[in-house]
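Visitor: Take a look at this one; I'll ask things after.
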């Protein structure tokens, strides 16, 4: 991906009023992936939706990084279960119709 | 427009301190925050209520006004007139949760007392993300066999949309930035679109696989032959092996439904043979079947 399509972490810090170490910790926890190009840290735009969620949890709910990790794992499980529920409901329709 | 008991919403007494209100608010926000309750309308509603309650009770001046006029909110306007000279400035000081439309989506009661914006007076104006919108799109199974473009009108806005082939019944997609307008220059909300796929075909669908039943005459089942079977995009001729049993299944690889977002890849079609037993036999046919039975038993 071209560098101009990536978002500098410093820009996110300014926009969301978050300090740099916050992103560093998220990166260490494996919750986001920071790319370093010429000593500048970048985030892929596809990750923005999840990052916004993490920032809201941190700022609005005072959830720490470890807590965010736990919440995201549980949300992923909910998501997987919801998809499974949709598949099971659709399969049930096979026998009901 | 009914009176809203903000203390009851936050489950606190009227005598609580500001710190206790903050604590109660945070506790409830953790329970009902939309990020933690995806696609839960009840939680979203509850979250807006506690957000509104916090907007009022966590600010001393507004709490005082609410306590004084709360149940007689109709008099709040007079109260406002009396305080006009104070040039009450309706802008947010932060601290409220607005990320899901909570920043601008208040009850009529709230707006009657405090106006349309945030109840807090302050210097800094917070930006809020616009409200997320949910919509349902009904499509026929045939419509989602191929990728197609649609223009939807949602909340008066025309939204051009590409619906990838193979979308599932009940599947939800997020269209970023197509929700409500942001507040104070905040980003737009998102549109969550849920598909309801109606099936009026003779095929049953399970994810990417299709299932159908094809009748096979008795003689072809016993002696072997050919049958024509419908697939989703045309007809195919199938060879029926001699001695085929009722309920025999055959798999037509790649003749199922398109795999979502995997262009050119398809599931399989499973055909079940249903052997048709002849009825209304002529005398001659009955004789011949009787002869066959005799042969079988001899």
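Protein chains in written order, with our numbering: chain A, 33 to 129; chain B, 21 to 318. All C-beta atoms in this analysis are idealised placements derived from N, C-alpha and C, irrespective of residue type, glycine included.
#1: Restricting to runs no shorter than 4 residues, where is the alpha helix (DSSP H) found entirely within the stretch 222–299 of chain B?
#2: Could you check whether the Cβ of residue 313 (chain B) sits closer than 8 Å to any Cβ belonging to chain A?
#3: On the criterion of 16 or more Cβ atoms from any shown chain inside 10 Å, does residue 90 (chain A) qualify as buried, or is it exposed?
#4: Since residue 190 (chain B) and residue 121 (chain A) should fall inside the 8 Å C-beta cutoff, what is the C-beta to C-beta distance between them, to a whole number of angstroms?
#5: Residue 233 (chain B) and residue 289 (chain B) look like a contact to me (Cβ under 8 Å); what is the Cβ gap, rounded to whole Å?
#6: Considering just the uninterrupted stretch of the alpha helix (DSSP H) at residue 309 (chain B), what are its terminal residues?
#7: From residue 165 (chain B) to residue 279 (chain B), what distance separates their C-alpha atoms?
#8: Of the residues A:97, A:36 and A:88, which one's Cα is nearest the Cα of residue 56 (chain A)?
#9: Taking the beta carbon of residue 94 (chain A) as the centre, do at least 16 other beta carbons fall within 10 Å, making it buried, or is it exposed?
#10: What are the residues in the stretch 59–86 of chain B lying within 9 Å of chain A by C-beta distance?
#11: Counting only beta-carbon separations shorter than 8 Å, does residue 222 (chain B) have a partner in chain A?
#12: Could you have a look at residue 160 (chain B) and say whether DSSP puts it in helix, strand or coil?
#13: Would you call the stretch 214–233 of chain B in contact with the stretch 29–48 of chain B, where contact means no fewer than 3 C-beta pairs closer than 8 Å?
#14: Would you give the residue range spanned by the alpha helix (DSSP H) that residue 91 (chain A) belongs to?
#15: Does the pairing of the stretch 267–283 of chain B with the stretch 174–188 of chain B give three or more beta-carbon distances under 8 Å?
#16: Give me whichever residues DSSP pairs with residue 36 (chain A) in a beta bridge.
#17: Determine the DSSP secondary structure at residue 64 (chain A), reduced to helix, strand or coil.
#18: Using a beta-carbon distance cut-off of less than 9 Å, what residues from the stretch 110–126 of chain A approach chain B?
#19: List the endpoints of the continuous beta strand (DSSP E) containing residue 107 (chain A).
#20: If the cut is a Cβ gap below 7 Å, which residues of chain B does residue 89 (chain A) touch?
Guide: If we stick to the structure as given:
#1: DSSP assignment within the stretch 222–299 of chain B yields the following whole alpha helix (DSSP H) runs of 4 residues or more, N-terminal first: 238–243.
#2: Not an interface residue.
#3: Classification for residue 90 (chain A): buried.
#4: Residue 121 (chain A) and residue 190 (chain B) do touch by the CB rule: their CB atoms are close to 6 Å apart, below 8 Å.
#5: 12 Å between Cβ atoms; not a contact.
#6: Note, residue 309 (chain B): alpha helix (DSSP H), 303–317.
#7: Between residue 165 (chain B) and residue 279 (chain B), the C-alpha separation is close to 10 Å.
#8: Out of A:97, A:36 and A:88, A:97 has the C-alpha closest to the C-alpha of residue 56 (chain A).
#9: Residue 94 (chain A) is exposed by the Cβ-count criterion.
#10: For chain A, the residues of the stretch 59–86 of chain B that bring a beta carbon within less than 9 Å of one of its beta carbons are 59, in chain order.
#11: Not one chain A Cβ lies under 8 Å of residue 222 (chain B).
#12: Strand at residue 160 (chain B).
#13: Segments in contact, no.
#14: Taken as a continuous stretch (DSSP letters only), the alpha helix (DSSP H) holding residue 91 (chain A) covers 80–93.
#15: Look at the beta carbons and you see the stretch 267–283 of chain B touching the stretch 174–188 of chain B: at least three pairs across the two are nearer than 8 Å.
#16: Answer is none; residue 36 (chain A) lacks a bridge partner.
#17: Reduced to three states, the DSSP call for residue 64 (chain A) is coil.
#18: For the stretch 110–126 of chain A, which is checked against every Cβ of chain B, the residues closer than 9 Å are 110, 111, 114, 115, 117, 118, 119, 121, 122, 123, 125 and 126.
#19: For residue 107 (chain A), there is no enclosing beta strand (DSSP E); the enclosing alpha helix (DSSP H) has its first and last residue at 97–128.
#20: Residues of chain B passing the Cβ test: 55.
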